[in-house]
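Going down the list, the sequences are from chains A and B. One point on numbering: in UniProt numbering, the residue at position 196 of the first sequence is 196, and numbering is uninterrupted. One point on numbering: in UniProt numbering, the residue at position 161 of the second sequence is 161, and numbering is uninterrupted. Heads up, the beta-carbon is just placed ideally off N, CA and C, and yes, glycines get one too. What follows is a single structure, written as structure tokens, with notes after it.
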Amino acid sequence: MRSLQRDPILNIGRIDSVNPRGMTGLPLQTITPASARRGSIPRWVRRFSGPVLLVLIWHVASVSGVLPGEILAGPATVISSAVKLFATGELQEAMWISLRRALSGLAIGGTIGVTLAVVAGLFRLGEDLIDAPMQMLRTVPNVALIPLLIIWFGIGETPKVALIALGTAFPLYLNVYAGIRNVDSTLIEAGRTLGLSRLAMIRHVILPGALPNALVGLRYALGIAWLALVFGEQINATAGIGYLMANAREFFQTDVIVVCLAVYALLGLAVDFMVRTLEKVFLAWRPAFNGT
Amino acid sequence: MAASVQRNLKIVETETPVDVLGRAKATDLAVRVRGLTRRFGEREVLKDLDLDIAPGEFVALLGASGCGKSTLLRILADLDREMIGEVEVPVRRAVAFQAPRLMPWKNVWRNVVLGLPGRPDRQRALTALEEVGISHRADQWPKVLSGGEAQRTSLARALVREPDLLLLDEPFAALDALTRIKAQDLVGELWQRHGCAILLVTHDVEEAVLLADRVLVMKDGVIAHEEHIAMRRPRDVADPAFARIRGDLLDWLGVRHGKYDND
Ligand SMILES: Nc1ncnc2c1ncn2[C@@H]1O[C@H](COP(=O)(O)OP(=O)(O)OP(=O)(O)O)[C@@H](O)[C@H]1O
Ligand SMILES: [Mg+2]
Numbered sequence: 001m002r003s004l005q006r007d008p009i010l011n012i013g014r015i016d017s018v019n020p021r022g023m024t025g026l027p028l029q030t031i032t033p034a035s036a037r038r039g040s041i042p043r044w045v046r047r048f049s050g051p052v053l054l055v056l057i058w059h060v061a062s063v064s065g066v067l068p069g070e071i072l073a074g075p076a077t078v079i080s081s082a083v084k085l086f087a088t089g090e091l092q093e094a095m096w097i098s099l100r101r102a103l104s105g106l107a108i109g110g111t112i113g114v115t116l117a118v119v120a121g122l123f124r125l126g127e128d129l130i131d132a133p134m135q136m137l138r139t140v141p142n143v144a145l146i147p148l149l150i151i152w153f154g155i156g157e158t159p160k161v162a163l164i165a166l167g168t169a170f171p172l173y174l175n176v177y178a179g180i181r182n183v184d185s186t187l188i189e190a191g192r193t194l195g196l197s198r199l200a201m202i203r204h205v206i207l208p209g210a211l212p213n214a215l216v217g218l219r220y221a222l223g224i225a226w227l228a229l230v231f232g233e234q235i236n237a238t239a240g241i242g243y244l245m246a247n248a249r250e251f252f253q254t255d256v257i258v259v260c261l262a263v264y265a266l267l268g269l270a271v272d273f274m275v276r277t278l279e280k281v282f283l284a285w286r287p288a289f290n291g292t
Numbered sequence: 001m002a003a004s005v006q007r008n009l010k011i012v013e014t015e016t017p018v019d020v021l022g023r024a025k026a027t028d029l030a031v032r033v034r035g036l037t038r039r040f041g042e043r044e045v046l047k048d049l050d051l052d053i054a055p056g057e058f059v060a061l062l063g064a065s066g067c068g069k070s071t072l073l074r075i076l077a078d079l080d081r082e083m084i085g086e087v088e089v090p091v092r093r094a095v096a097f098q099a100p101r102l103m104p105w106k107n108v109w110r111n112v113v114l115g116l117p118g119r120p121d122r123q124r125a126l127t128a129l130e131e132v133g134i135s136h137r138a139d140q141w142p143k144v145l146s147g148g149e150a151q152r153t154s155l156a157r158a159l160v161r162e163p164d165l166l167l168l169d170e171p172f173a174a175l176d177a178l179t180r181i182k183a184q185d186l187v188g189e190l191w192q193r194h195g196c197a198i199l200l201v202t203h204d205v206e207e208a209v210l211l212a213d214r215v216l217v218m219k220d221g222v223i224a225h226e227e228h229i230a231m232r233r234p235r236d237v238a239d240p241a242f243a244r245i246r247g248d249l250l251d252w253l254g255v256r257h258g259k260y261d262n263d
């Protein structure tokens, strides 16, 4: 007998109601239109209710004294110190400096990663020279390089940006390279029958075909950029979110630490939103599953 | 009109006289294959095969699955050079495969003119799409096309190059019966209008007899049988001559007449 269970991941084939004995004695399924299924609560309300509930629990725990301020400041305190930091301009300045570090590291690392991937992906010689060392180096944890970076670049901006660049170059390299190598070979053949030159083939077939993977690489790279930023800013920072956080630690200001964490999270979300927008614009052609 | 011929990469220009109908009537051949052998490991898929196709001729190629039809077509399309023998094909040739193979990141009209020299010419693409009856889909992504629409786009993309030889590898195999009949009619019409030589690989004996001037049956790596179809067009499946030719071809394909219909 066929199983009539709902697939929790694909959300397909779900059964609204199973009537074990229809009029004919067969198990029947009622299929309702998608518009009726969604119910009356809008999607964004459902999505927001989780975080809101969490903050509410946090607030109640703080107010009732279950969660003392020295361990973790309550949301009310956090918001008021965020407002204070914003009013003095400290927060914006720190944010701007951190964001600039992340983006310049990403720009440098991304350029290196993408260039190497294109060369290794398109040319046999490039592959032989580049791919093996890259595959070896990628297994070294970036954070382990901090001592070396400090010896090489001192404790200024350079080692922080270098750490981010290193961290982002690898995911971009790996994904762009894989993207180029996995372009559908039947499309490459079709391109050949259309008389595309090598350059036209790269431009019209190979690079667009590698774009979905490249954007996946960009996502990973951004995630790592953020991680590398947090680690990098532990290196004797004199400005930036990391510096704010280090200062707050000295004075046990858990509220400021939480503000900084929230800023990291928000910046991360903003950048993720950027990538999503890029995907929407550049991958509109893709017959991809969008999760309904 | 000059049909240039590519011979093992050497390009030879040949004069092509034009007859009263305006159709290129060459003293030369559009396709000339001599002693073609292709091995995959130990296996010889093509064994010393010879093939001639006249300019403007419509040739259909039948044969059991796995006998090497696509292998031959790929060699003629210059997608496979691991062969032995002499192959001459026109420089201007186009291919439509069983799958439409459209670039998913280019909209329909850009797919049609991809690879043509100069800037992408929308008007030219529209004219070609008009010919296959889907100019209204010009600005769509390939992902939203139906199977038949995608296949017609692929046909427009081939024809816009004004080929002297059009290679078709089971272009209708994935279409439903009704769409397929329409697509067959379309190919017949387009051939009449463009006058290019066509090599159509198919599993459908009826389709071959409906469309082609000559039907070839491939077996054991060579052309084992050829059948000239002299019937006037448009052809009628109910014609007794049609049924006889169809029966003969089915016999050659090893499918006993009357017992099974076609494959
Ligand atoms: N790249 C390859 N490597 C090894 N064997 C191959 C390769 N391509 C084709 N063959 C073999 O050569 C034979 C002929 O293949 P081909 O695709 O030409 O058959 P076909 O006549 O087009 O069949 P069908 O009608 O099913 O499309 C098959 O047995 C196939 O397995
Ligand atoms: Mg085949």
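Counting only C-beta atoms, is residue i closer than 8 angstroms to chain B at any point?
i, result
"Gly195(A)", "yes"
"Glu279(A)", "no"
"Thr186(A)", "yes"
"Arg192(A)", "yes"
"Arg181(A)", "no"
"Glu189(A)", "yes"
"Val205(A)", "yes"
"Arg198(A)", "no"
Taking only beta-carbon atoms, is residue i less than 8 angstroms away from chain A?
i, result
"Leu79(B)", "yes"
"Val95(B)", "yes"
"Trp109(B)", "no"
"Arg101(B)", "yes"
"Trp191(B)", "no"
"Pro104(B)", "yes"
"Lys219(B)", "no"
"Ala243(B)", "no"
"Leu114(B)", "yes"
"Lys143(B)", "yes"
With DSSP as the reference, label residue i as helix, strand or coil.
i, result
"Val271(A)", "helix"
"Ala94(B)", "strand"
"Gly156(A)", "coil"
"Gln92(A)", "helix"
"Arg276(A)", "helix"
"Arg38(B)", "strand"
"Gly240(A)", "coil"
"Gly105(A)", "helix"
"Val140(A)", "coil"
"Val52(A)", "helix"
"Gln192(B)", "helix"
"His204(A)", "helix"
"Glu250(A)", "helix"
"Arg214(B)", "strand"
"Arg32(B)", "strand"
"Leu200(B)", "strand"
"Val63(A)", "helix"
"Glu88(B)", "strand"
"Asp78(B)", "coil"
For my contact list, residue i and residue j are in at a C-beta cut-off of 8 angstroms; report their separation, rounded to the angstrom.
i, j, result
"Val112(B)", "Ala156(B)", "5 angstroms"
"Ala60(B)", "Thr179(B)", "Their Cβ separation, rounded to whole angstroms, is 19 angstroms, which puts Ala60(B) and Thr179(B) out of contact at 8 angstroms."
"Ile241(A)", "Thr168(A)", "Not confirmed; about 18 angstroms, so no contact."
"Leu190(B)", "Phe58(B)", "The Cβ separation is near 11 angstroms, so there is no contact."
"Val160(B)", "Ala128(B)", "4 angstroms"
"Phe170(A)", "Arg138(A)", "5 angstroms"
"Glu82(B)", "Val31(B)", "About 19 angstroms; that fails the 8 angstroms criterion."
Leaving out five residues on either side along the sequence, give the residues of the same chain with a beta carbon under 6 angstroms from the beta carbon of residue i.
i, result
"Ser62(A)", "Gly74"
"Glu86(B)", "Arg34"
"Gln253(A)", "none"
Could you tell me the boundaries of the beta strand (DSSP E) in which residue i lies?
i, result
"Asp52(B)", "43-53"
"Ala210(A)", "Careful: Ala210(A) lies outside any beta strand (DSSP E), inside the alpha helix (DSSP H) at 207-232."
"Asp139(B)", "That residue, Asp139(B), is in no beta strand (DSSP E); it is neither H nor E in DSSP."
"Gly63(B)", "58-63"
Between which two residues does the alpha helix (DSSP H) holding residue i run?
i, result
"Met231(B)", "Note, Met231(B): premise wrong, no alpha helix (DSSP H); not H, not E."
"Met136(A)", "132-137"
"Val112(B)", "108-113"
"Leu249(B)", "240-252"
Quick one: residues in its chain with C-beta nearer than 8 angstroms to the C-beta of residue i, no 5 flanking neighbours on either side, listed in chain order?
i, result
"Val99(B)", "According to the sequence as given, residue 99(B) is Ala; it is not Val. The residues are Ala174."
"Leu211(A)", "Gly179, Phe282, Leu283"
Sorted by chain position, which residues of the same chain lie with C-beta nearer than 7 angstroms to residue i's C-beta, five sequence neighbours on each side aside?
i, result
"Leu102(B)", "Asn111, Pro142, Ala150, Thr153, Ser154"
"Val52(A)", "none"
"Gly147(B)", "Ala174, Leu175"
"Arg181(A)", "Gly121"
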